[in-house]
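See structure below.
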Amino acid sequence: MAGHVWAAAVLEGNPFTYPEVQTLLEGVTVGGHKVSDAEQILRLRDGYTLLRNLVASGEFALTKNVSDALHAVIASGEALEAGHFRGEGASASDVTVHLGERGTHFPPHTEPGGTNLRALHARGLSALEQCDVPFEKASAYFLFAADNQFYFDGNKRTARAMMNGVLLAAGAHAVLVPAQARDEFNETMRDFYADRDATATMELLASCGPRIEPTRARLMRINRALRDPGSGIAP
């Protein structure tokens, strides 16, 4: 638990060290950090506890309801209207992802009621149903959710939890991006947003979990499916 929480926190730029995360999860206050950083650690713990319980009980599923439940815990206090897609609540502001020198990524607009995002999410899930390889389904969902930014914040955190839920429910190893790979992860995500090419990110994720090597042809099919959720992933 502590390893996954710490790894997820590092990717968010949280300054807690692994021993400090262990101490905090044991119920002991750690000095020298912002309260918000400590609270983020505890929310990640609660999110992974929920994920573990859902998998153990057989209740985990790749659905909006499960994603909303995880987001409500993981992003509580950070994201507007946690647990709800953009547009489902009172806020109707759009979101952007700043890519530094690579520019800006513009996800779909926030529309009142969130109907457009729910429909897009449903199409993506339908396409993923055709994929029977757990890692490919899991990592493709992560990138699909990170790309479309269904929530106001906490998208990658929630999408990684969903990705690992798919893997754990299938009896596979979860993906744990180590702290030393943070820069590489962020760079591949910037390239994914800017170039619409998920290959490098998926190869990195594969090296951090199931230890598989998807073929280039499979990665190309997944890339097409991410760009067009209606195109399908299966050969």
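To convert, note that position 224 of the sequence shown is 386 in this note's numbering; the numbers rise steadily by one, no gaps. Just so you know, even glycine gets a beta-carbon here, dropped at the ideal spot from N, CA and C.
Looking at the structure shown, is proline 397 part of a helix, part of a strand, or coil, going by DSSP? Note that proline 397 scores 47 on pLDDT, short of 50, meaning its location in the model is unreliable; the coordinates nonetheless yield the value given after this. Here proline 397 carries a coil assignment [DSSP, helix/strand/coil].
Our contact map puts proline 270 next to asparagine 310 with C-beta atoms below 8 Å; I'd like the distance itself, whole angstroms only. That belief holds up - the Cβ atoms of proline 270 and asparagine 310 are roughly 6 Å apart, short of 8 Å.
What would DSSP say about glycine 165, mapped onto helix, strand or coil? In this structure, glycine 165 counts as helix in the three-state DSSP scheme.
Buried or exposed, going by whether 16 or more other CB atoms sit within 10 Å of the CB of proline 397? Since pLDDT at proline 397 reaches only 47, below the 50 mark, its modelled position is unreliable, and the value read off the structure follows with that caveat. Result: exposed.
Quick check on histidine 166: buried or exposed, where buried means 16 or more other Cβ atoms within 10 Å of its Cβ? Buried, since its Cβ has 16 or more Cβ neighbours within 10 Å.
From the DSSP output, in three-state form, read off aspartate 230 for me. Looking at aspartate 230 - three-state DSSP - the assignment turns out to be helix.
Return the chain-ordered list of same chain residues with a C-beta closer than 8 Å to the C-beta of glutamine 202, the five sequence neighbours on each side being excluded. Within the same chain, Cβ atoms closer than 8 Å to the Cβ of glutamine 202 are found at Ala171, Glu174, Asn176 and Glu240, the five residues on either side in sequence being excluded.
Please classify valine 259: does DSSP put it in a helix, a strand, or coil? Here DSSP, grouped into helix, strand and coil, assigns valine 259 to strand.
Nearest neighbour of aspartate 208, chosen from Thr266, His283 and His233 [CA to CA]: Of the candidates Thr266, His283 and His233, the one whose C-alpha sits nearest the C-alpha of aspartate 208 is His233.
Less than 7 Å between the CB of methionine 163 and some heavy atom of the ligand ATP, yes or no? As presented, the structure is devoid of all ligands, the ligand ATP included, so that no description of it is given.
Are there three or more Cβ pairs, one per stretch, closer than 8 Å when the segment 354 to 364 is compared with the segment 181 to 191? Contact between the segment 354 to 364 and the segment 181 to 191 is absent, because fewer than three Cβ pairs lie under 8 Å.
Distance check for glycine 286 and leucine 329, CA to CA, integer angstroms please. Linking leucine 329 to glycine 286 through their CA atoms gives a straight-line distance of about 18 Å.
Rounded to whole angstroms, how far is the Cβ of alanine 169 from the Cβ of proline 296, which I believe are closer than 8 Å? Rounded, the Cβ-Cβ distance is 20 Å, inconsistent with contact.
With H, G and I counted as helix, E and B as strand and the rest as coil, what does DSSP make of leucine 173? Helix.
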